[in-house]
Amino acid sequence: MNTLQIARLVAAKDLRIEWNSRVFVNQVLPFAGVTMVIFAFALDADSVLQRVAPGLVWLATLFSLLVLVQRAFAVETADGALDALRVAGVDPRAIYLGKAAALGVQLLVLEAVLLFAAVVLYGQTIPAGGWVLLVTTLISATCGLAAVGTLYGGLAAGFTGRETLLPLLTFPAVAPVLIGATRAVEAALGTAGAVVSDGWPWVGLLAVFAVAFGVGGALAFGPLIDE
Amino acid sequence: MSVVELDDAVAVLGQFPALAGATLRVEKGEIVLLRGPNGAGKTTLLRLCAGLLPLVRGTGTVLGLDLATHRESIRRTVGLLGHQNGLYLDLTVAENVRFWGSTVGASVDEMQVAMRRLDVAGRLADVSVNKLSAGQKRRTALACLIARRAQLWLLDEPHAGLDASARDELDDTLTQAAAAGATILVASHELERAGSLATRSVEVVAGRVYDVVPGDPGSGNCEGEA
Numbered sequence: 001m002n003t004l005q006i007a008r009l010v011a012a013k014d015l016r017i018e019w020n021s022r023v024f025v026n027q028v029l030p031f032a033g034v035t036m037v038i039f040a041f042a043l044d045a046d047s048v049l050q051r052v053a054p055g056l057v058w059l060a061t062l063f064s065l066l067v068l069v070q071r072a073f074a075v076e077t078a079d080g081a082l083d084a085l086r087v088a089g090v091d092p093r094a095i096y097l098g099k100a101a102a103l104g105v106q107l108l109v110l111e112a113v114l115l116f117a118a119v120v121l122y123g124q125t126i127p128a129g130g131w132v133l134l135v136t137t138l139i140s141a142t143c144g145l146a147a148v149g150t151l152y153g154g155l156a157a158g159f160t161g162r163e164t165l166l167p168l169l170t171f172p173a174v175a176p177v178l179i180g181a182t183r184a185v186e187a188a189l190g191t192a193g194a195v196v197s198d199g200w201p202w203v204g205l206l207a208v209f210a211v212a213f214g215v216g217g218a219l220a221f222g223p224l225i226d227e
Numbered sequence: 228m229s230v231v232e233l234d235d236a237v238a239v240l241g242q243f244p245a246l247a248g249a250t251l252r253v254e255k256g257e258i259v260l261l262r263g264p265n266g267a268g269k270t271t272l273l274r275l276c277a278g279l280l281p282l283v284r285g286t287g288t289v290l291g292l293d294l295a296t297h298r299e300s301i302r303r304t305v306g307l308l309g310h311q312n313g314l315y316l317d318l319t320v321a322e323n324v325r326f327w328g329s330t331v332g333a334s335v336d337e338m339q340v341a342m343r344r345l346d347v348a349g350r351l352a353d354v355s356v357n358k359l360s361a362g363q364k365r366r367t368a369l370a371c372l373i374a375r376r377a378q379l380w381l382l383d384e385p386h387a388g389l390d391a392s393a394r395d396e397l398d399d400t401l402t403q404a405a406a407a408g409a410t411i412l413v414a415s416h417e418l419e420r421a422g423s424l425a426t427r428s429v430e431v432v433a434g435r436v437y438d439v440v441p442g443d444p445g446s447g448n449c450e451g452e453a
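Protein chains in written order, with our numbering: chain A, 1 to 227; chain B, 228 to 453.
If you want it as structure tokens, here you go:
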């Protein structure tokens with residue numbers, strides 16, 4: 001089997017695990033929802049919430065990303081499956097791409113739910129002209145987050161204290177995604193007078209980031225999980 | 228052609244030569260017990276044969292593939308089972324076997340045969356692995372090895388954590404697998420149980436491998452290199 005076929009197998013396996021365990025639905029989504037509610041309590045005024053809603057959506061996404069990545073590698077290390085994959089000679093690029101794809105699917109669902117929460121909780125509106133930019137931003141930012149999360153998740157999986165190491169590694173690396181995605185979503189939503197055309201350069205940044213970390217992650221993942 | 232051929236093999240862990248000139252031949256269908264104290268090099272020997280450690284000196288082949296140049300290929304043809312089973316606890320038995328079998332393109336029939344051979348088909352097939360007993364998990368892990376067509380089984384303390392009946396089941400499984408053509412290397416401290424299972428025993432001492440005197444499996448007396 002080639003690398004892409006194995007990657008698809010790994011992604012399907014990870015999504016099947018989430019389907020069987022319901023951790024994403026029963027724990028991650030409620031955690032993200034609670035985070036959005038807490039932001040609403042903290043900032044209170046509607047005008048402020050609507051102004052900062054895009055940033056809050058991405059902050060909640062980042063917090064939830066950590067939970068998802070921890071989970072994605074906890075299932076690999078609980079009974080030595082990641083070691084078994086390595087011992088079986090499974091292409092590490094395929095493991096990386098498969099795990100990143102499964103993470104990306106979950107992130108997309110999560111972001112859709114968070115945007116819906118922003119509409120309901122913060123009174124945010126999505127103008128008709130902003131949908132294409134919004135969807136493109138979600139996809140490109142998700143690719144970047146999944147690429148970084150999988151890379152550092154694999155790195156941290158072999159260390160004790162990985163729960164605290166992962167955010168320490170991940171947050172600085174995804175800062176460009178947080179900035180770019182927030183600006184692009186602001187443009188899509190027309191926040192603070194921004195227009196749709198303001199958002200596309202940020203989408204370009206997100207795409208470059210996703211490709212750089214995707215390619216780099218696929219090449220580095222093998223040595224990272226190897227002895 | 229021997230399944231495993233090591234001549235004066237040296238493998239290091241960090242700076243330490245965990246195998247210091249090991250010589251060993253293992254033929255197809257054999258169950259070979261690796262004996263020896265902790266730190267003697269048993270696990271290192273298994274990991275070398277699995278293609279996980281580089282051969283620093285000497286020569287070695289596994290299933291006809293050179294350990295110096297074909298470690299990646301060797302990994303795909305051997306199965307190493309250590310203290311953990313390498314299973315996904317939130318998947319069912321059948322889903323685990325399907326996943327591992329699919330990594331080598333095994334057919335549905337092959338996977339069914341693997342599950343039937345290990346007696347994890349039927350009722351157990353749709354049970355989540357985290358609900359299985361230790362013995363059932365071990366059998367599932369071995370079914371995964373069969374599904375992914377491992378020709379050489381490298382087992383590190385396979386009886387650890389199993390109760391008496393699960394140990395008996397495991398021994399039956401290994402005996403049947405060897406009869407069906409699998410070659411098995413077992414590292415164990417449980418000399419009586421593993422010794423009765425094995426067709427031959429070797430002693431690993433300070434990174435070298437010695438034949439054990441036939442008929443005296445628990446004595447620790449050694450002769451010539453294996």
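Beta carbons: idealized from backbone N, C-alpha and C, even for Gly.
C-alpha gap between residue i and residue j, whole angstroms
i	j	result
A:A100	A:I225	15 angstroms
B:G362	B:G309	14 angstroms
B:G306	B:A321	19 angstroms
B:C276	B:V413	12 angstroms
B:G328	A:M1	11 angstroms
A:A60	B:R435	57 angstroms
B:K255	B:G422	18 angstroms
A:Q50	A:D44	10 angstroms
B:L379	A:N20	33 angstroms
B:G349	B:M342	9 angstroms
B:A249	B:N312	27 angstroms
A:F159	A:R183	35 angstroms
B:A247	A:N26	53 angstroms
B:T427	A:F24	What sits at residue 427 of chain B in the sequence shown is Arg, not Thr. Using only the alpha carbons, I get a separation of about 50 angstroms.
B:L290	B:H297	11 angstroms
Residue i in three-state terms, based on DSSP
i	result
B:P244	strand
A:D198	helix
B:E430	strand
B:S329	helix
B:I258	strand
B:S446	Low per-residue confidence applies at B:S446: pLDDT is 47, beneath 50, and the placement is therefore not dependable enough to give any value.
A:R22	coil
B:D336	helix
B:E232	strand
B:A238	strand
B:G285	strand
B:L225	Shown here, chain B extends from 228 to 453; a query on residue 225 of chain B therefore has no answer.
A:T77	helix
A:P127	coil
A:V90	coil
B:D399	helix
A:V132	helix
B:T270	helix
B:R375	coil
B:V347	coil
A:G180	helix
Identity of the residue in the options nearest residue i by Cα
i	options	result
A:L165	A:G153, A:L43 and A:P92	A:G153
B:V356	B:M342, B:L379 and B:Y315	B:Y315
B:A238	B:G268, B:L389 and B:L260	B:G268
B:F326	A:I6, A:W200, A:P223 and A:A188	A:I6
A:F171	A:Q27, A:L62, A:Q70 and A:E18	A:L62
B:I527	B:D317, B:G408 and B:G278	Coverage of chain B is limited to positions 228 through 453, which leaves residue 527 of chain B absent and any answer about it impossible.
B:I411	B:T402, B:V331 and B:R350	B:T402
A:A188	A:G214, A:A156, A:A175 and A:L133	A:L133
B:V331	B:A377, B:R274, B:T271 and B:L282	B:A377
A:A94	A:T3, A:A11 and A:L205	A:T3
A:A175	A:E163, A:G193 and A:L206	A:L206
B:G285	B:D235, B:Q311 and B:H297	B:D235
A:F39	A:Y122, A:T77, A:V67 and A:L68	A:Y122
B:I258	B:L290, B:G388, B:L389 and B:L382	B:L382
B:A387	B:A407, B:L273, B:S415 and B:E396	B:S415
For residue i: DSSP bridge partner residues
i	result
B:W380	B:G306 and B:I411
B:S355	B:T319
B:L292	B:V289
Beta carbon proximity, residue i to chain E, threshold 8 angstroms
i	result
A:R16	Judged by its chain identifiers, the structure shown contains no chain E, and its protein chains are A and B.
_Taking beta-carbon pairs under 7 angstroms, can you tell me which members of the region 264–284 of chain B lie near chain A?_
Those residues of the region 264–284 of chain B placed with their C-beta closer than 7 angstroms to a C-beta in chain A are A277 and L279, ordered along the chain.
*Could you please tell me which residues of the region 313–329 of chain B, in chain order, have their CB closer than 8 angstroms to any CB of chain A?*
Of all residues in the region 313–329 of chain B, G313, L314, Y315, L316, D317, L318, T319, E322, F326, W327 and S329 have a Cβ within less than 8 angstroms of some Cβ in chain A.
*Near-chain B residues of the region 111–136 of chain A (beta-carbon distance less than 9 angstroms), N- to C-terminal order*: none
*Can you list, in chain order, the residues of the region 290–316 of chain B whose Cβ is nearer than 9 angstroms to any Cβ on chain A?*
R298, E299, S300, I301, R302, R303, T304, V305, G306, L307, L308, G309, H310, Q311, N312, G313, L314, Y315 and L316
*Closer than 7 angstroms, Cβ to Cβ, to anything on chain B: give me those residues from the region 68–90 of chain A, in chain order.*
V75, A78, D79, G80, A81, D83, A84, V87, A88, G89 and V90
*Under 8 angstroms (Cβ pairs) to chain A, residues found in the region 335–354 of chain B*: none
*Taking any Cβ of chain A, which residues in the region 372–405 of chain B have a Cβ under 7 angstroms from it, in chain order?*
R375
*asked:* Give me the subset of the region 5–33 of chain A whose CB atoms are less than 7 angstroms from a CB atom of chain B, sorted by chain position.
replied: I6, L9, K13, R16, I17, N20 and S21
*Give, in chain order, every residue of the region 240–259 of chain B whose Cβ lies closer than 9 angstroms to some Cβ of chain A.*
Hits within the stretch: zero.
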